[in-house]
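Trainee: For the sequence shown, numbering that gives the first Met the number 0 gives the first residue as 0, with consecutive numbering after it. Submitted below is the structure of interest, expressed as structure tokens.
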Amino acid sequence: MDKENTLNRYDLVSNFTIDKSKLKQSQYMLSLLKEGQSVGVITSEKAYKIQVEIMQILQRLIGQYTKGESMSVTTETAEGIMVSLMYAIDAYALHFEKPEEFIVHLHSDSIKNIYTKGVALLHCYFEEAKQLYQDVKKIKLDVPVDAYTLTIDESLPVFMNHYNVIFEAQNTMASIDYPLAIDNMELQGVFYIKQYLERLLIETRFCHFFNHHDLMYVLANFGRICHFNYRIELFNIFELMINNAVFSLLSGGEANQVRISEVQYDRLSRLLSDCHADKRANLINNAFDRLQRDLKTDQTISDYINLYRNEFIQRVNNAAEIDGFKMLIIREIEEREKPIALMLNENDRMSDIELRKLVDCIMERKNTAEKILLIRDHFVSLHDYLDLLNSGCLFDDEYDALFATFGNFELAIFAKIVFYEELRGGILNFIDIVADCSEAKSEWETYYMKFIKQLEDERIATIGHLINDIDYEEISFY
């Protein structure tokens with residue numbers, strides 16, 4: 000009889016089809032029940048029975064949550080436990096290759112058993128995620144990119160240490176700042192973290208095809224081209240490296256060479272701008288194929304690279320339409336010699352004790368001229384100046400008096416900090432930035448804006464030109 004029922008159940012699979020487009024990843028079980036009812040393979044009675052079983056599990060979990068002391072919790076807590084419960088059931092349902100197979104399985108298994116199996120699967124996925132995290136840590140790139148390093152060193156450990164399979168299975172726990180080249184933001188909990196780590200591992204492995212000096216070359220020139228501090232920006236390192244590797248191949252270079260010369264850049268921009276979109280796509284696809292052959296990428300990396308192909312082709316097509324290759328192809332930007340009026344190295348700053356003593360002395364001075372003279376005699380480091388400006392020891396016109404002693408290059412350094420967001424991308428004219436500025440993050444920045452606004456346009460323009468001579472790499476604290 001059991002064998003006959005089994006055969007009947009599997010015969011049933013071929014008699015109906017679930018529209019997968021109507022299934023929601025985040026509410027898989029519920030959307031599957033709805034679709035099952037719509038095609039007539041789940042009766043109203045069966046759906047009601049499933050709901051009753053789910054509520055029984057919820058009651059048991061609430062008792063477990065309160066350690067048997069109460070069967071009453073806040074609405075928010077109950078809803079959270081319910082979502083976690085359904086997340087575990089979804090995990091088991093998604094384990095089936097076809098949704099039709101799970102619906103058939105629903106007729107032979109209890110929701111209690113399905114939930115238990117789902118929890119077991121989540122534990123397995125969590126263990127896999129922990130191993131993936133260790134694998135990522137072992138080959139972590141040695142790069143000064145905050146989002147990348149903080150995600151690995153601080154954010155992911157929050158998930159590893161606090162993930163709760165029973166009561167918060169759907170919770171990703173950590174704030175993941177570093178963006179992947181290809182991500183699925185619809186996932187939650189361990190599903191998301193596991194996928195994130197799998198892809199982060201692939202991206203990091205790919206970046207290891209290139210030597211560290213070339214990696215830093217790409218990062219540094221990326222920051223110079225975009226006119227921002229790459230250390231604190233959100234971008235994907237894998238994209239930068241694979242982009243330049245493909246561009247290298249397209250310009251006659253090798254797959255493991257990511258340094259693009261001006262000659263190569265000119266050749267590339269002409270080639271990609273002049274040809275038809277179909278030919279352009281063909282050239283790029285050939286370059287991607289050669290990249291995988293020359294680097295001898297394994298199947299996992301090759302599959303990921305292939306997922307990125309269309310995104311890359313679309314970016315190149317967009318750049319060809321708007322002459323935007325200057326922002327897409329990373330080439331060397333020559334550093335011009337520049338007069339450093341302020342010491343930018345963090346090692347040049349004075350000790351905390353020295354700084355406190357000087358700030359106290361400045362606060363004691365009642366005469367503005369004496370204050371400014373004391374500052375100019377003892378402060379030489381940009382880092383110390385920023386500590387001073389944020390200390391609250393200057394008032395009103397004293398800010399103007401200090402700024403008036405600065406040369407154009409010193410004012411340009413502070414402008415690079417005050418107008419950081421406005422200067423990103425290097426599109427706006429500095430005179431326009433100054434004219435439109437209004438909001439400041441701190442008191443000293445407000446006075447700086449007021450001071451620079453009253454300068455003559457010619458001097459503001461000069462300061463704007465000097466800004467381009469300053470790399471954010473030099474301002475290591477910011």
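By construction, the Cβ of each residue, glycine as well, lies at the ideal position given by its N, Cα and C atoms. As the structure is a computational prediction, the values presented were derived from the model and not from experiment.
What first and last residue would you give for the alpha helix (DSSP H) that runs through asparagine 123?
Mentor: On the sequence shown, position 124 is the one that residue 123 refers to. One point to set straight first is that residue 123 is cysteine, not asparagine, in the sequence displayed. Counting along the chain, the alpha helix (DSSP H) containing cysteine 123 begins and ends at 110 to 137.
Trainee: Along the chain, where does the alpha helix (DSSP H) containing valine 315 start, and where does it finish?
Mentor: Counting from 1 along the sequence shown, the entry for residue 315 is found at position 316. Unbroken alpha helix (DSSP H) run through valine 315: 298 to 321.
Trainee: What first and last residue would you give for the alpha helix (DSSP H) that runs through aspartate 288?
Mentor: For the purposes of this step, residue 288 is identified with residue 289 of the sequence shown, where counting begins at 1. Note, aspartate 288: alpha helix (DSSP H), 276 to 294.
Trainee: CB-CB under 6 Å to arginine 348, same chain, minus the five flanking residues each way: which ones, in chain order?
Mentor: As a working mapping, residue 348 is identified with position 349 in the sequence shown. Contacts found: Ser380, His382, Asp383.
Trainee: Could you have a look at isoleucine 53 and say whether DSSP puts it in helix, strand or coil?
Mentor: Position 54 of the sequence shown, counting from 1, holds the residue named residue 53. Here isoleucine 53 sits in helix by DSSP.
Trainee: Could you pull the start and end residues of the alpha helix (DSSP H) that alanine 90 belongs to?
Mentor: Residue numbering aside, residue 90 sits at position 91 when the sequence shown is read from its first letter. Run containing alanine 90: 74 to 93, per the alpha helix (DSSP H) assignment.
Trainee: To the nearest angstrom, report how far apart arginine 330 and glutamate 78 are at their CA atoms.
Mentor: Counted from its first residue, the sequence shown places residue 330 at position 331. Counted from its first residue, the sequence shown places residue 78 at position 79. Each residue's alpha carbon lies about 53 Å from the other.
Trainee: Let me check one thing: in DSSP terms, what residues is arginine 330 bridge-paired to?
Mentor: Translated into positions along the sequence shown, residue 330 becomes position 331. Partner(s): Ile259.
Trainee: Mapping DSSP to helix, strand and coil, what is serine 30?
Mentor: On the sequence shown, residue 30 is found 31 positions in, with the first residue counted as 1. If DSSP states are grouped into helix, strand and coil, serine 30 belongs with the helices.
Trainee: Can you tell me whether DSSP reads serine 268 as helix, strand or coil?
Mentor: Taking the sequence shown and counting its residues from 1, one reaches residue 268 at position 269. Reduced to three states, the DSSP call for serine 268 is helix.
Trainee: Taking phenylalanine 101 and leucine 31 to be in contact with their CB atoms under 8 Å, please state how far apart those CB atoms are, rounded to whole angstroms.
Mentor: In the sequence shown, counting from the first residue as 1, residue 101 sits at position 102. In the sequence shown, counting from the first residue as 1, residue 31 sits at position 32. 7 Å between Cβ atoms; contact.
Trainee: Can phenylalanine 429 and glycine 406 be called in contact, C-beta distance under 8 Å?
Mentor: Here the question's residue 429 lines up with position 430 in the sequence shown. Here the question's residue 406 lines up with position 407 in the sequence shown. Not in contact: phenylalanine 429 and glycine 406 (Cβ atoms no closer than 8 Å).
Trainee: Kindly confirm or deny that the region 220 to 238 and the region 175 to 194 touch, where touching means at least three C-beta pairs closer than 8 Å.
Mentor: Yes: at least three Cβ pairs fall under 8 Å.
Trainee: Quick one: measure Cβ to Cβ for threonine 203 and glutamine 187, integer angstroms, because I've assumed they're closer than 8 Å.
Mentor: Position 204 of the sequence shown, counted from the first residue, corresponds to residue 203. Position 188 of the sequence shown, counted from the first residue, corresponds to residue 187. Their Cβ separation, rounded to whole angstroms, is 23 Å, which puts threonine 203 and glutamine 187 out of contact at 8 Å.
Trainee: On the three-state DSSP scale, how would you describe serine 43?
Mentor: Along the sequence shown, one-based indexing puts residue 43 at 44. Correct three-state label for serine 43: helix.
Trainee: Quick check on the burial criterion: 16 or more other C-beta atoms within 10 angstroms. Buried or exposed for valine 51?
Mentor: Residue 51 sits at position 52 when you count from the first residue of the sequence shown. That one is exposed.
Trainee: Short check: CB of histidine 207 to CB of isoleucine 259, under 8 Å?
Mentor: As a first step, residue 207 is located in the sequence shown; it is residue number 208 there, counting from the start. As a first step, residue 259 is located in the sequence shown; it is residue number 260 there, counting from the start. Cβ distance not < 8 Å, so histidine 207 and isoleucine 259 don't count as in contact.
Trainee: Determine the contact status of alanine 254 and leucine 282, defining contact as a CB-CB distance below 8 Å.
Mentor: As a working mapping, residue 254 is identified with position 255 in the sequence shown. As a working mapping, residue 282 is identified with position 283 in the sequence shown. No. Outside cutoff.
Trainee: Can you tell me which of the three DSSP states serine 247 falls into?
Mentor: Looking up residue 247 in the sequence shown gives position 248. Three-state DSSP puts serine 247 in a helix.
Trainee: Less than 8 Å separating the beta-carbons of tryptophan 443 and leucine 357?
Mentor: Taking the first residue of the sequence shown as position 1, residue 443 is located at position 444. Taking the first residue of the sequence shown as position 1, residue 357 is located at position 358. No, these two residues do not count as a Cβ contact at 8 Å.
Trainee: Candidates Tyr114, Thr73, Tyr264, Glu421: which alpha carbon is nearest tyrosine 91's?
Mentor: The residue given as residue 91 occupies position 92 in the sequence shown. Nearest C-alpha to tyrosine 91: Tyr114.
Trainee: What does the alpha-carbon distance come out to for the pair leucine 218 and leucine 393?
Mentor: Numbered from 1 along the sequence shown, position 219 holds the residue referred to as residue 218. Numbered from 1 along the sequence shown, position 394 holds the residue referred to as residue 393. Answer to the nearest angstrom: the Cα atoms are 38 Å apart.
Trainee: Hey, would you say isoleucine 231 sits closer than 8 Å to aspartate 152, going by beta carbons?
Mentor: Within the sequence shown, the letter at position 232 stands for residue 231. Within the sequence shown, the letter at position 153 stands for residue 152. Against a cut-off of 8 Å, the Cβ pair of aspartate 152 and isoleucine 231 comes out as no contact.
Trainee: Within the chosen definition, does the region 63 to 79 reach the region 21 to 31 through at least 3 CB pairs nearer than 8 Å?
Mentor: No, the region 63 to 79 is not in contact with the region 21 to 31.
Trainee: Tell me which same chain residues have a C-beta within less than 7 Å of the C-beta of isoleucine 46, skipping the five on either side of it?
Mentor: Sequence index remark: in the sequence shown, residue 46 carries index 47 (1-based). Just to set this straight, residue 46 is alanine in the shown sequence, not isoleucine. Only Leu32, Gln36 meet the Cβ criterion.
Trainee: Going by beta-carbon coordinates alone, are phenylalanine 205 and methionine 159 separated by less than 8 Å?
Mentor: Along the sequence shown, one-based indexing puts residue 205 at 206. Along the sequence shown, one-based indexing puts residue 159 at 160. No, they are not a contact pair.
Trainee: Taking buried to mean at least 16 other C-beta atoms within 10 Å of its own C-beta, is leucine 372 buried or exposed?
Mentor: Residue mapping note: residue 372 aligns to position 373 of the sequence shown, counting from 1. The residue in question, leucine 372, is exposed, as its Cβ has fewer than 16 Cβ neighbours within 10 Å.
Trainee: Using beta-carbon positions only, say whether valine 315 and leucine 271 come within less than 8 Å of one another.
Mentor: What you label residue 315 is simply residue 316 of the sequence shown in a count that begins at 1. What you label residue 271 is simply residue 272 of the sequence shown in a count that begins at 1. For valine 315 and leucine 271, yes; Cβs fall inside 8 Å.
Trainee: Could you name each continuous alpha helix (DSSP H) segment of 4 residues or more that falls completely within the region 436 to 474, going from the start of the chain to the end?
Mentor: If we require 4 residues or more, the alpha helix (DSSP H) runs fully inside the region 436 to 474 come out as 442 to 452, 456 to 466.
Trainee: Assign glutamate 336 to one of two classes, buried (16 or more other C-beta atoms within 10 Å of its C-beta) or exposed (fewer than that).
Mentor: One-based indexing of the sequence shown puts residue 336 at position 337. In this predicted model, glutamate 336 has a pLDDT of only 45, less than 50, meaning its place in the structure is not dependable; the value taken from the coordinates is given anyway. Exposed.
Trainee: Let's test the definition: count the other Cβ atoms within 10 Å of the Cβ of aspartate 18 and tell me whether it reaches 16, buried, or not, exposed.
Mentor: For the purposes of this step, residue 18 is taken as residue 19 along the sequence shown, with counting starting at 1. It is exposed - the Cβ of aspartate 18 has fewer than 16 other Cβ atoms within 10 Å.
Trainee: May I ask you to report which of helix, strand or coil DSSP gives phenylalanine 402?
Mentor: Within the sequence shown, the letter at position 403 stands for residue 402. DSSP places phenylalanine 402 in helix when its eight states are reduced to three.
Trainee: Please report how far the alpha carbon of glutamine 58 lies from the alpha carbon of alanine 173, in whole angstroms.
Mentor: Position 59 of the sequence shown holds residue 58. Position 174 of the sequence shown holds residue 173. Each residue's alpha carbon lies about 28 Å from the other.
Trainee: With arginine 355 as the anchor, note down where its alpha helix (DSSP H) starts and where it stops.
Mentor: Within the sequence shown, residue 355 is the residue found at index 356, counting from 1. Taken as a continuous stretch (DSSP letters only), the alpha helix (DSSP H) holding arginine 355 covers 351 to 363.
Trainee: Look up phenylalanine 419 in the DSSP assignment and say whether it is helix, strand or coil.
Mentor: The residue given as residue 419 occupies position 420 in the sequence shown. Strictly speaking, residue 419 in this sequence is tyrosine, with phenylalanine absent from that position. Of the three classes helix, strand and coil, the one that applies to tyrosine 419 here is helix, per DSSP.
Trainee: Given this structure, state the Cα-to-Cα distance separating alanine 244 from isoleucine 328, to the nearest angstrom.
Mentor: Indexing the sequence shown from 1 puts residue 244 at position 245. Indexing the sequence shown from 1 puts residue 328 at position 329. Alanine 244 and isoleucine 328: Cα-Cα distance of roughly 10 Å.
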